[in-house]
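Notes to accompany the following structure.
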Amino acid sequence: MKAARFDYVRAATADIAVDALARGAVALAGGQSLIPLLNTRSRRPEVVVDVSRLPLTGVEEDGSTLVLGALTRLRAAETSPVVRRAVPLLAEALTHVGHVSVRNRGTVGGSVAHADPAAELPAVCLALDAVFTAQGPGGTREVDARDFFRGPHRTALASDELLTGIRVPLPPPTARHGIAELSRRPNDLAITAVFTSITLTDRVVAEARIAVAGAAPTPIRAHAAEELLRGQALTPEVLTAAADAAAAATDPVDDVHAPAAYRRDMTAVLTRRALRQAVVG
Amino acid sequence: MTVGGGLIGARVSRAEDVRLLTGRAVFIDDVRPPGVLEAAILRSPHPHARIVRIDTTAAAAHPGVVAVVTGADVKSMVRRPQPLIWRSAPDGPETVAYPLAVDKVLYTGHGLAAVAAVDRATAEDALELIDVEYEPLPAVTTLEQALAPDAPRLHEDWPDNVAGRAVVAQGDVEAAFARADVVLRETFRFARQWGASLETRGVVATWDPFTSHLDAWVNTQSPHLIRELFAEVLGLSVDKVRVRVPDIGGGFGSKSGFYGDQVVAAVLSRVSGRPVKFLEDRRESFVATVHAREQRIDVEVAARSDGTITGLRGTVHGVLGANFSTVGLSPCWTTAAVMTGPYAIPAVELNVVGVVTNKPPYGAYRGYGLPKANFVHEHVVEALARRLDLDPHEVRRRNFVTEFPYQSPVFVYDTGRYAECLDLCRDAVRRAGWADRVTRARAEGGHLGIGYAFHNEVSAFAPSRIVNMSGLDHSGFDEAAVRIDSTGRVSVHTGQTSMGQGIHTALAQVAAHALDVPLDHVTVISGDTDSAPYTGYGTAASRAAAVGGAAVLNAATRLRAKVLRIAAHVFEASPDDLEISEGVVSVKGVPGRGVTLADIGDAAYRRPHGVLPDDEDPTLHEREVYDPVNVATAFGCTAVLASVDVETGVVELLGYLIAHDCGTVINPMIVEGQLQGGAAQAIGGALYERLAYGGSGEALTRSFAEYLLPTAGVVPPFGIDHLETPADHIPGGFKGAGEAGVIGGGAAIAHAVEDATAEFGVRITSLPITPPDLLAAIRAGAER
């Protein structure tokens, strides 16, 4: 299919982009999600504003926070030594996003703003309590990841706001992470995926983060499972209890790849695996 | 005739590859005649609905639109409905389908109007302006829905939704079951799948209003068949139709049929007075190209306690689409026709029932009916072995056909060495050390398993009398011409189609071998019905190398004789005393004094005086029409090493070994490529591919995000061993290889999964094996 007719604007500044958004444009960054939606006429904007040339790229780390420009390509973030050192969970999660050719073009901001419930990056941002920076007509504001994802492909961004950056608080250096993702083929969109970050003190869990993708209308945090783990040694019984608690937090749907019940069951299996991986390394 | 040495059997690189890999190929979308318009087709959003009203006024008035046609318009411009060429159930009803729906739409995606515009985007804009009022009707998408007593009828003049019945029978089945020591019963289900090519289907049609000629570029596997059918449908004599075939990006059978959109493009060209291109986009290819595979098979097997299978009976239900494709229910008939596979089962009675559903037409896909038949007979072998506590390979051996020729229920098997092929595969498994890997993995709590499937394949599907007797209204012979030009270079002219499989290289090898010329002195020319020799049927049914190769071999062999006669005149020697080596003719034993093929070519075309014998015609040109007396049965054995994650139901393939016999191998690399590509599609069919429909008949798989093809990441490394048992009736001894890889893969993968999950007693009787389904089976087994 060919896209319906639209006007194309390349924004030279973020202000111009925001102005275009305020007049009903949609933002084009890496195009890995938007272009297929345009070509299938699933989205029919009057105007597409190309933000890809805005100077919103780059990765910085200041000792407490990792800052990613929204237009940083997924592949650049994945292969950044800074990301790998400071937030290894994020670097590893990015290897699961699409194929390399998709990551070469797709951007971190695009992935977050597209808010696919099964996508890796939104779930990892949720696990790590990331904060998103948005610029609108009235200036910039920050939105916590936990308040950002509102439903499948729905976020807290207003239609006239542009996501400009992602701030990720650095996990403690002793944090360990685990990723367990189930997809039909390597690098397909996940059926379900679990991302964990835990800190152990004398083999007892001091802090645990568990985020699940592909098992609810948005990525979710398994707070009850996290709570259950804190102060516990990771015995098989504790792992199972946490896994079951994570599964109980899901709200999955049926689709052509898997029924909802399977996604719920897999959340338990994957949570156990991700936690075990975090401990074993 | 068996050929040894030389270029037949040589592992040479494909001549096609440089062009294809450097972007110099010309595919259908690269065909852009001046003034060409692009077409788009309005497709039904409903699985079943009456077309109450259709208004194209606004679309026709849209800027950039040149022509708009409805189903009724197209019907008025054709002589007859879409042709059915294969009647497997001669007494059954036939669907009356025009290129676009006229009164009713019968499936989601059924075309009902078309627009030709200056570009595709404009044509799609115009489609949105066509106003259609539908009266939705209840839809049937499953076999059970279609056969229900109160089922909505798709074709209102039919008594029910049954599109035909046929029987495949041999021997005394009643007696076999009466005397059986054991009887097994099983039901198998195969999902709807299709042969998805990287390149979608397309046509560029140019109607000449002054001469009433249709010039059509079509990326088809069957140019001559398409030409004949264009002529029938448009009411033209065949000379008024020219079909040209550009490079093709994959065929897999789904590009072999005659499609309504090809007629639509011709009609739009006639209406607009300009060339019209219709190229399926990826999204519509899921509904515009034929589907395949979907069947339910119920069988009963009678056997003796020693594992000898004495009887097979049951029913093959073909879950067809709403309208027949060009080949009707023949893929389902074929499943029954070959269900005994490599086994000598004396008594067989198989019913074939075709049922129409509100889904796109059902047609050809690599393997035709064979993968399902193979799955059934290989499941039967394994189940019988379990029941009787025998080694399944012993059961295979006990039942193998060993005496050739062998009359199976339909086809006569020419030659075979099944037991040797099985041994070759098992040796490969031993060499690969799979048993140790399984043992080690199981000791560590893993679940690995090994599965086998043995197949045979009716290839070289060509003998015109046999294919006519099977209900096919088309011949299967092949015509070829081989020429040497005035510079001594060779051209091979064939009706076969190059679609990425390497047929040009294979035929060049045959000609170069027969003429003893260097391979790069041979060019293969194909793809234009105005100049190409005739081929019945087309490039399908594992026939191009076997039948086309035999035709080229015979023509080249006769041409060689003429070359030698001319050279003999020059040498004043007997042709029998001459030899050709690397394009130079010399007297045997006197290699220094040669006459080149260029010398002989020069004499044959330009300066015959003193060189060409008086009784020889000028030119070097031989033509052959080859129609074999029988099909050729290729065969092979597939072994798969698989790992199952018993907590998720995910299957990972770790190894894939094939022992294969397609008679004389022309080029092992090409055969291996065919086997690997087919095996990849078997993997897709076994684990990933399913065209799914929702409860009210809506299509759920409309892109490659939902319909999962096997990617490089899920295809394991292959190991291939060749055995060569020549076809004893085909010059060269060639058998077909194009479909072999896909036939045994599903059963071998299923058996590997069963072996890996043996502790849970999992039985695989349907494909594909998806993680949720397999996990459910594992859990059910764990609870038993």
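Protein chains in written order, with the working numbering: chain W, 1 to 281; chain U, 1 to 784.
Quick reminder that beta carbons are idealized off the backbone N, C-alpha and C, glycines included.
- Of the candidates W:Val131, W:Arg43, W:Val47, W:Thr40, W:Val47 places its Cα closest to the Cα of W:Gly24.
- Taking the beta carbon of W:Leu182 as reference, the chain U residues within 8 angstroms of it are Thr648, Val650, Pro771, listed in sequence order.
- Below the 9 angstroms Cβ cutoff, chain W contributes no neighbours of U:Leu112, its closest Cβ being approximately 17 angstroms away.
- Pairing U:Val65 with U:Ala126 gives a Cβ-Cβ distance under 7 angstroms.
- The contact set of U:Asp30 on chain W, defined by CB atoms closer than 8 angstroms, is empty, because the minimum CB distance reaches about 18 angstroms.
- Distances from the CA of U:Glu403 to each of U:Leu390, U:Arg417, U:Pro409, U:Gly321 were compared; the closest alpha carbon is that of U:Arg417.
- The C-alpha of U:Gly719 lies about 6 angstroms from the C-alpha of U:Ile658.
- In the DSSP secondary-structure assignment, U:Cys637 is bridged to U:Phe454, U:Ala659.
- Within the segment 201–252 of chain W, the runs of beta strand (DSSP E) at least 3 residues long that lie entirely inside it are, in chain order, 204–213.
- Residue contact check for U:Thr415 against chain W: no CB pair falls below 7 angstroms.
- Using a Cβ-Cβ cut-off of 7 angstroms, U:Asp528 does not count as an interface residue toward chain W, since no Cβ of chain W sits closer than that to its own.
- Secondary structure at W:Thr192: strand, using DSSP grouped into helix, strand and coil.
- U:Thr56 and U:Leu37 have their C-alpha atoms some 18 angstroms from each other.
- Boundaries of the beta strand (DSSP E) harbouring W:Glu60: 59–61, taken from the DSSP string.
- By the Cβ rule, the segment 670–690 of chain U counts as touching the segment 742–761 of chain U, because three or more pairs are nearer than 8 angstroms.
- Per DSSP, the beta-bridge partners of U:Thr596 are U:Val584.
- U:Val356 and W:Leu21 have their C-alpha atoms roughly 50 angstroms apart.
- Not a single C-beta of chain W is nearer than 7 angstroms to the C-beta of U:Val36.
- The DSSP-derived three-state label of U:Phe734 is strand.
- When secondary structure is reduced to three states using DSSP, U:Val482 falls in the strand class.
- In this structure, W:Leu182 is the residue among W:Leu182, W:Gly30, W:Thr107 with its C-alpha nearest to the C-alpha of W:Ala118.
- Counting C-beta pairs with one atom in each stretch, the segment 95–114 of chain U and the segment 6–14 of chain U have fewer than three that are closer than 8 angstroms, which means they do not touch.
- Between the C-alpha atoms of U:Gly732 and U:Ala632 there is a straight-line separation of about 12 angstroms.
- Against chain U, the CB of W:Ala115 has no partner CB under 7 angstroms away; the residue lies outside that interface.
- The CB of U:Leu129 never comes closer than 8 angstroms to any CB in chain W; the least such distance is about 12 angstroms.
- Around W:Ala258, the same chain offers Ile191 as residues with beta carbons nearer than 7 angstroms, after the five sequence neighbours per side are excluded.
- For the 7 angstroms CB-CB criterion, U:Ala266 and U:Ala205 form a contact.
- In the DSSP secondary-structure assignment, U:Phe190 is bridged to U:Gln295, U:Leu767.
- For W:Ala258, at least one C-beta of chain U is nearer than 7 angstroms to its own C-beta.
- Within the same chain, Val301, Ala383 come within 6 angstroms of U:Leu184 by CB-CB distance, once the 5 residues on both sides are set aside.
- Close to chain W, meaning a Cβ-Cβ distance shorter than 8 angstroms, are the following residues of the segment 711–727 of chain U: Thr711, Gly713, Val714.
- Put simply, the segment 330–349 of chain U does not touch the segment 271–282 of chain U. Fewer than three CB pairs are less than 8 angstroms apart.
- Listed along chain U, no residue sits closer than 9 angstroms to W:Tyr8 by beta-carbon distance, the nearest being about 14 angstroms off.
- Residues of chain W with a Cβ closer than 9 angstroms to the Cβ of U:Tyr107 do not exist; the shortest Cβ-Cβ separation is about 18 angstroms.
- By the neighbour-count definition (other C-beta atoms within 10 Å, threshold 16), U:Val52 is an exposed residue.
- It is roughly 57 angstroms from the alpha-carbon of U:Trp333 to the alpha-carbon of W:Ser159.
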